[in-house]
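Protein chains in written order, with the numbering used here: chain Y, 36 to 493; chain V, 36 to 493.
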């Protein structure tokens with residue numbers, strides 16, 4: 036796909052640090068034919084670099100701004116049809132009741148196509164420019180998800196789920212890999228497929244995905260650890276989500292010092308490992324994760340819905356761990372990372388009610404986790420997460436409604452409304468706390484327009 | 036306003052009990068010229084009652100259903116421009132920093148008109164058919180809010196805020212009534228105004244509104260208690276929201292046994308009193324509130340945002356207290372009661388993490404609080420909260436999107452999507468957990484269409 040050299044004109048906002056946003060009111064960002072940022076003018080006065088005089092200009096209307104695309108560090112694409120359904124369950128019964136039957140049905144490629152198309156549409160519409168997807172155990176459907184992400188232009192890590200053990204004793208052969216060898220062989224097939232459609236993993240990357248320790252034999256985890264070492268392909272899995280799960284790990288792996296130790300002994304805990312949840316890490320686990328430089332995906336909505344617990348994010352940040360946000364659809368009810376920012380605020384406030392005010396995250400911190408934090412978690416901090424020369428143009432055009440007169444009601448722009456007294460901090464708080472996908476008017480990945488809301492013009 | 040006899044045809048859902056919903060798949064509900072339900076056919080086979088053969092029929096398309104209008108038992112209308120802004124504050128500094136300066140500006144009627152029109156539009160669009168509004172200390176602006184609600188057709192309790200004491204020691208004369216007498220006299224003026232526009236309080240009712248004990252002198256509360264006894268007009272106030280506030284009450288009223296005792300001694304704690312928050316009631320207070328049959332407004336989003344605490348709703352329900360939901364804009368970030376259902380689910384799950392699973396509310400229970408619970412809280416359980424013959428037609432037409440094919444994306448219907456495998460329980464969970472105002476396609480109050488989403492047809 037050939038891109039046209041483009042200058043994006045308008046305010047932009049991104050994280051300057053974990054606690055501070057940078058607001059640039061009048062800017063021009065030049066994006067070259069490769070979808071990379073070639074220059075940034077932090078005013079409208081400076082002359083354009085040579086060769087940019089006739090570039091296309093996209094100027095966004097007020098009150099709008101550019102924001103880096105969101106990074107969803109943990110999402111189960113096939114579970115999307117169950118988003119919002121969790122009933123009275125917690126993790127282990129939820130898996131058996133809702134999740135495994137749905138995932139099992141992805142042997143039907145037509146069904147997979149419908150659902151994968153829909154979830155990629157939805158995540159793009161919520162401003163997710165990079166997503167770490169868990170697929171199912173099926174090779175063809177997993178490869179289809181990779182194809183769809185490539186076609187739609189979303190950066191994606193696509194993982195075939197490895198699980199050669201059942202956690203359902205009544206149903207020991209339902210929905211699992213036949214053997215440890217089958218787990219690895221199927222994973223290799225998915226890696227080969229991604230290599231064939233995107234040889235440099237420019238947009239799509241495979242990711243080694245042992246579901247979680249209770250559904251993997253030690254043998255399969257060792258083999259996947261070996262594959263990780265051999266290929267350098269990243270790893271994603273779950274850890275310390277809820278207490279019955281942790282007890283199950285203790286029973287299943289009685290010789291391991293703790294949950295993190297299981298992965299570590301298999302060579303699956305490295306700087307390229309993304310650990311979802313981390314609600315109940317013990318001090319030894321935190322220390323080990325820090326030593327290995329493994330990464331954390333915080334999934335606040337899911338952890339609340341399934342009553343898993345409140346991850347101690349302030350503590351994990353203070354200890355220097357690297358954290359991003361994950362929607363964890365469908366343990367989480369929404370594919371929106373913006374909603375995770377709000378949920379992360381709220382979960383941290385619940386911690387603060389017990390642990391003291393310091394535990395509460397700020398709006399700025401949640402946006403950092405959603406962008407620069409996520410970029411580090413997926414190992415792409417040199418390419419995404421903020422606006423700097425040389426980075427990809429992975430961006431959202433966010434628009435809030437300015438209420439003009441009496442009873443002014445814009446159904447396109449949605450509920451985040453400006454009355455005129457708001458400074459930039461207030462605008463950002465309103466967006467995070469009251470906004471939704473209606474505020475995401477357009478989305479680009481590597482310079483390509485991948486989503487535009489109906490009725491939007493620029 | 037004259038209404039046309041109308042038969043509403045389609046599925047309807049409402050609360051059968053605190054824990055159960057009633058799903059009627061094919062129904063006809065006849066609404067007479069007074070906006071009241073004249074008959075309900077729970078099938079499409081029964082013959083229509085005499086005189087209804089030629090009535091207008093409104094048939095809603097699939098997958099839609101009728102649901103009772105929501106009741107917001109606690110909302111500060113003038114604070115709407117600050118919805119979503121709370122920064123790093125908790126209750127008392129939030130009042131001083133954000134709230135009082137905004138409320139004070141409602142001496143400007145033009146500003147009041149713009150904001151009140153907008154918040155009434157917004158609450159209607161979220162399906163709120165009855166709202167308990169706090170206005171400001173200003174008589175003209177409070178009367179304007181009553182006028183707007185009447186004109187727009189929303190049932191409303193409109194309270195001029197009484198506060199003759201400052202909680203801001205540095206600013207003791209800013210934004211308060213001049214005296215206890217002024218509090219009462221201004222309240223009387225607002226009562227007279229409502230009487231003049233809606234003599235039988237059919238749609239609009241005044242409500243006596245001492246802001247909260249720390250901002251009221253004992254003298255003013257006694258006088259307002261007397262007014263309550265004399266007129267039978269209901270009362271609304273705040274109680275036990277956060278700990279510094281409770282300490283302030285202890286310091287200010289050292290002779291009172293507890294916070295609830297302050298109101299009780301002034302004659303302000305009766306079966307017509309709505310108490311917002313109730314996060315930290317002690318056992319004596321709970322007992323007293325039960326004896327007085329006073330009502331509770333649970334405001335989960337606000338209590339989390341301001342780090343006030345998690346109200347023990349399961350315990351309060353088990354003790355037989357009467358509870359509804361409140362958005363508490365702008366302590367709460369949204370005027371959506373549907374969002375409060377989700378927040379109430381989540382807050383109860385945080386309680387459950389400590390108190391055990393039993394503390395978790397079900398989706399059905401949150402919808403009960405939002406409708407029948409709220410109806411009892413505002414003393415209108417004979418008129419609203421569910422669909423029965425003789426009740427007002429206060430209803431929402433809810434529509435969820437059925438995903439048809441690949442990449443099907445309906446921007447009108449919003450994010451709550453059906454894939455075809457959902458039963459009614461699943462549909463309701465999806466609505467509560469993933470839905471928003473885009474699912475509220477039309478809203479009626481007492482038979483009058485008061486909101487219809489752009490692009491919707493029936």
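We put the CB at the ideal spot given by N, CA and C, even for glycine.
Taking the Cβ atom as the reference point for each residue, do residue 346 (chain V) and residue 312 (chain V) lie within a distance shorter than 9 Å?
Taking the first residue of the second chain as position 1, residue 346 (chain V) is located at position 311. Taking the first residue of the second chain as position 1, residue 312 (chain V) is located at position 277. A contact, by the Cβ cut-off of 9 Å.
Could you pull out every residue in the same chain whose Cβ sits closer than 6 Å to the Cβ of residue 452 (chain V), ignoring the five residues on either side in sequence?
Here residue 452 (chain V) refers to the residue found at position 417 of the second chain. Same-chain partners within the cutoff: 436 and 438.
Where do the N-terminal and C-terminal ends of the alpha helix (DSSP H) with residue 260 (chain V) fall, by residue?
Position 225 of the second chain, counted from the first residue, corresponds to residue 260 (chain V). Residue 260 (chain V) -> alpha helix (DSSP H) spans 253 to 266.
Going by DSSP in three states, residue 503 (chain Y) sits in which element: helix, strand or coil?
This structure does not reach residue 503 (chain Y), given that chain Y is present from 36 up to 493, and the question cannot be answered.
Which residue wins for smallest C-alpha separation from residue 491 (chain V), given the options V:459, V:481, V:433 and V:458?
Taking the second chain and counting its residues from 1, the one referred to as residue 491 (chain V) is at position 456. Measuring from the Cα of residue 491 (chain V), the nearest candidate turns out to be V:433.
Amino acids of chain Y, ordered along the chain, whose beta-carbon sits closer than 9 Å to that of residue 384 (chain V):
In the second chain, residue 384 (chain V) corresponds to position 349, counting from 1. Per Cβ cutoff of 9 Å: 339, 340, 341 and 342.
Short Cβ contact (9 Å threshold) for residue 211 (chain V) with residue 201 (chain V)
Reading the second chain from its first residue, position 176 is the one you call residue 211 (chain V). Reading the second chain from its first residue, position 166 is the one you call residue 201 (chain V). The answer is yes: Cβ separation under 9 Å.
How would you label residue 80 (chain Y), buried or exposed, when you count the other beta carbons within 10 angstroms and need 16 or more for buried?
Sequence index remark: in the first chain, residue 80 (chain Y) carries index 45 (1-based). Classification of residue 80 (chain Y): exposed, given that the 10 Å Cβ count is below 16.
What residues of chain Y sit near residue 368 (chain V), judged by a beta carbon separation below 7 Å?
Walking along the second chain from the start, residue 368 (chain V) turns up at place 333. Ordered by position in chain Y, the residues that pass the 7 Å Cβ test against residue 368 (chain V) are 468 and 469.
9 Å Cβ cutoff, residue 99 (chain Y) in contact with chain V:
As a working note, residue 99 (chain Y) is residue 64 in the first chain. The beta-carbon of residue 99 (chain Y) is placed no less than 9 Å from the nearest beta-carbon of chain V.
Roughly how many angstroms lie between the CA atoms of residue 184 (chain Y) and residue 148 (chain Y), to the nearest whole one?
For the purposes of this step, residue 184 (chain Y) is taken as residue 149 along the first chain, with counting starting at 1. For the purposes of this step, residue 148 (chain Y) is taken as residue 113 along the first chain, with counting starting at 1. Each residue's alpha carbon lies about 11 Å from the other.
What does DSSP give as the partner residue(s) for residue 487 (chain Y) in the beta ladder?
Indexing the first chain from 1 puts residue 487 (chain Y) at position 452. Bridge partners of residue 487 (chain Y) according to DSSP: Y:477.
For residue 113 (chain Y) and chain V, any beta-carbon pair shorter than 9 Å?
On the first chain, position 78 is the one that residue 113 (chain Y) refers to. Chain V has no Cβ within less than 9 Å of the Cβ of residue 113 (chain Y).
When V:106, V:204 and V:97 are compared against residue 127 (chain V), the one with the closest alpha-carbon:
Within the second chain, numbered from 1, the residue matching residue 127 (chain V) stands at position 92. Selected option, being the one with the closest Cα: V:204.
State the DSSP-derived secondary structure class of residue 532 (chain V), mapped to helix, strand or coil.
Residue 532 (chain V) is absent from the structure shown; chain V starts at 36 and stops at 493.
Across which residues does DSSP place residue 311 (chain V) in a beta bridge pair?
Mapped onto the second chain, residue 311 (chain V) falls at position 276. The partner list for residue 311 (chain V) (beta bridge, DSSP) reads V:273 and V:332.
Indicate whether at least one CB of chain Y lies closer than 9 Å to the CB of residue 456 (chain V).
Here residue 456 (chain V) refers to the residue found at position 421 of the second chain. Interface with chain Y (9 Å Cβ-Cβ cutoff): residue 456 (chain V) is included.
Can you pull the chain V residues whose beta carbon is under 8 Å from the beta carbon of residue 465 (chain Y), in chain order?
Numbered from its first residue, the first chain carries residue 465 (chain Y) at position 430. Under the 8 Å cutoff, chain V gives 118, 119 and 120.
With a threshold of 8 Å, are at least 3 pairs of Cβ atoms found where one atom belongs to the stretch 363 to 371 of chain V and the other to the stretch 329 to 339 of chain V?
yes
Start and end residues, alpha helix (DSSP H) containing residue 508 (chain Y):
This structure leaves residue 508 (chain Y) out entirely; chain Y is present only between 36 and 493.
9 Å Cβ cutoff met for residue 179 (chain Y) and residue 137 (chain Y)
Residue numbering aside, residue 179 (chain Y) sits at position 144 when the first chain is read from its first letter. Residue numbering aside, residue 137 (chain Y) sits at position 102 when the first chain is read from its first letter. It is not a contact, given that the beta carbons lie outside the stated cut-off.
Nearest-angstrom Cβ-Cβ length linking residue 315 (chain V) and residue 281 (chain V), presumed shorter than 8 Å:
In the second chain, counting from the first residue as 1, residue 315 (chain V) sits at position 280. In the second chain, counting from the first residue as 1, residue 281 (chain V) sits at position 246. Going by Cβ atoms, the distance from residue 315 (chain V) to residue 281 (chain V) rounds to 6 Å, so yes, they are a contact pair.
Does the stretch 54 to 69 of chain V come into contact with the stretch 463 to 483 of chain Y, if we say contact requires no fewer than three beta-carbon pairs (one atom in each stretch) closer than 8 Å?
no
Run of the beta strand (DSSP E) containing residue 167 (chain V), from where it starts to where it stops:
To locate residue 167 (chain V), count along the second chain from 1; it is residue 132. Judged by DSSP secondary structure, residue 167 (chain V) falls within the beta strand (DSSP E) whose first and last residues are 163 to 169.
Can the beta-carbon of residue 116 (chain Y) be found closer than 9 Å to that of residue 181 (chain Y)?
Indexing the first chain from 1 puts residue 116 (chain Y) at position 81. Indexing the first chain from 1 puts residue 181 (chain Y) at position 146. One thing to note: residue 116 (chain Y) has its Cβ no nearer than 9 Å to the Cβ of residue 181 (chain Y).
Mind checking residue 213 (chain Y): buried by the 16 CB within 10 Å criterion, or exposed?
Taking the first residue of the first chain as 1, we reach residue 213 (chain Y) at position 178. So residue 213 (chain Y) ends up on the exposed side.
Measuring straight from C-alpha to C-alpha, what distance separates residue 186 (chain V) and residue 176 (chain V)?
Looking up residue 186 (chain V) in the second chain gives position 151. Looking up residue 176 (chain V) in the second chain gives position 141. Approximately 15 Å, taken between the alpha carbons.
On the three-state DSSP scale, how would you describe residue 472 (chain V)?
Translated into the one-based positions of the second chain, residue 472 (chain V) becomes position 437. Helix at residue 472 (chain V).
Taking just the CA atoms, how far does residue 368 (chain V) sit from residue 375 (chain V)?
As a first step, residue 375 (chain V) must be located in the second chain, where it is residue number 340. As a first step, residue 368 (chain V) must be located in the second chain, where it is residue number 333. When the Cα atoms are used, residue 375 (chain V) and residue 368 (chain V) turn out to be separated by approximately 10 Å.
Report all residues from its chain with a CB closer than 6 Å to the CB of residue 158 (chain V); omit the five preceding and five following residues, and keep chain order.
On the second chain, position 123 is the one that residue 158 (chain V) refers to. 166 and 370.
Chain V within 9 Å of residue 214 (chain Y), Cβ atoms only:
The residue labelled residue 214 (chain Y) in the question sits at position 179 within the first chain. No, because no Cβ of chain V sits closer than 9 Å to the Cβ of residue 214 (chain Y).
Ignore the nearest five residues each way along the sequence and tell me which others in residue 496 (chain Y)'s own chain have a CB closer than 6 Å to its CB.
Since the displayed chain Y opens at 36 and closes at 493, residue 496 (chain Y) lies outside it and no answer follows.
Cβ of residue 88 (chain Y) versus every heavy atom of the ligand COA: is any distance shorter than 8 Å?
Here there are no bound small molecules, and the ligand COA is not part of this structure.
By DSSP's criteria, residue 146 (chain V) is part of a beta bridge. Which residues make up the other side?
Here residue 146 (chain V) corresponds to residue number 111 of the second chain, with the count starting at 1. Partner(s): none; residue 146 (chain V) has no beta bridge.
Distance check for residue 191 (chain Y) and residue 414 (chain Y), CA to CA, integer angstroms please.
The sequence position of residue 414 (chain Y) within the first chain is 379, counting from 1. The sequence position of residue 191 (chain Y) within the first chain is 156, counting from 1. Taking the straight line joining both Cα atoms gives about 12 Å.
Which of the residues in the stretch 46 to 64 of chain V, read from start to end, lie with their CB under 9 Å from any CB of chain Y?
none
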